[in-house]
Every structure is written in structure tokens, then in C-alpha cells.
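In my numbering, each number is its position in the sequence shown, counted from 1, plus 689.
A quick write-up on the structure given underneath.
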Amino acid sequence: MDNPFPQDDSLDEAGTSFSKHDSNKPMISLVEPKFIIGIAEVLTFGARKYAIDNWKKATTADIRRIKDSLLRHTLAYTSGELLDSETHLSHAYHISCNVMFLNYLLERVAKDTK
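This is the structure:
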């Protein structure tokens, strides 16, 4: 059986240097925290209005509705309207949520067709 703990060959001879083998992992710290919070606020609004994770129930039949929502928020944003009139949150956060919904749905469909 292979050793699940890789050898740390980046230690100096005294073993005093910090090393972490994470160069192939995403650098989550590069994402603006306020942006993550904004997306979470949109999702929280949706959870209160519909249900927690209601968006995960979408099917391929709902792709058009998700795209329409994405385009409505994009057109509002590009027309100079910064905040959604219902949530009073940035259209950019709504756009991001819609992209996430589409990505989730398309990945689920791809997984189901394998």
C-alpha cells in the first residue's frame, strides 16, 4: 500500500522551513470576500422566498428560465442599473448566481449522461 503522506523534501537541513504542497490547489484567497458575501446574500434571499437550495431542483427544462434571468440582470446592469429592485443587491451578484445555477445544472446533466 502506498504511503498516503508524501515525503516533504522541501525542508531545509535543520527542518525549520514551512512547507505546504498546495501549488495545484485553487487560491481561494484571490476571490474578493465581499463578492462571496454578495452571492450568499442573493442565495439567502432566494432561500427565504422559495426554499433552501431550491435552485438545485432545476432541470434541463428550466435552462431557458435561468438564461432569461441571467440576461435580464445583465441587461439591467449594462444599462446602468446597479441594484436589483426586489433584493436591492447588485445585479452582478444575481448574474453570478445564475451562472452558478447553469454550471451546476449542466455539470449534473453531463454526469447523469455518463
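Just so you know, even glycine gets a beta-carbon here, dropped at the ideal spot from N, CA and C.
Could you confirm whether any beta carbon from chain C is found closer than 8 Å to the beta carbon of THR776? Looking at the structure shown, chain C is missing, and only one protein chain is on hand.
HIS777 versus PRO722: straight-line alpha-carbon distance, rounded: For the purposes of this step, residue 777 is taken as the residue at position 88 of the sequence shown. For the purposes of this step, residue 722 is taken as the residue at position 33 of the sequence shown. Looking at the two C-alpha atoms, the distance is approximately 19 Å.
Over the uninterrupted alpha helix (DSSP H) stretch that includes ASP757, give me the two end residues. Walking along the sequence shown from the start, residue 757 turns up at place 68. From DSSP, the alpha helix (DSSP H) with ASP757 extends over 752-767.
Report yes if the CB atom of LEU794 is closer than 8 Å to the CB atom of ILE728, and no otherwise. In the sequence shown, counting from the first residue as 1, residue 794 sits at position 105. In the sequence shown, counting from the first residue as 1, residue 728 sits at position 39. Contact: no.
Within its chain, find whatever has a CB closer than 8 Å to the CB of ASN743; leave out the 5 residues flanking it on each side and keep chain order. Against the sequence shown, residue 743 aligns to sequence position 54. GLY735 and ALA736.
Under the assumption that LYS766 contacts ILE741 (Cβ atoms under 8 Å), give the Cβ distance between them as a whole number of angstroms. Locating residue 766 in the sequence shown gives position 77, counting from the first residue. Locating residue 741 in the sequence shown gives position 52, counting from the first residue. It is worth fixing the name first, because residue 766 is Tyr in this sequence and not Lys. Incorrect: roughly 26 Å between the Cβ atoms, too far for contact.
Taking the alpha helix (DSSP H) that HIS710 falls in, what are its first and last residues? Looking up residue 710 in the sequence shown gives position 21. Counting along the chain, HIS710 falls outside any alpha helix (DSSP H), and DSSP gives it neither H nor E.
Please report the straight-line C-alpha distance between LEU791 and ILE755, rounded to a whole angstrom. Translated into the one-based positions of the sequence shown, residue 791 becomes position 102. Translated into the one-based positions of the sequence shown, residue 755 becomes position 66. Taking the straight line joining both Cα atoms gives about 7 Å.
Can you give me the Cβ contacts of GLU770 inside the same chain, cut-off strictly under 7 Å, excluding the 5 residues immediately before and after it? The count along the sequence shown starts at 1 and reaches residue 770 at position 81. Hits under 7 Å: HIS780.
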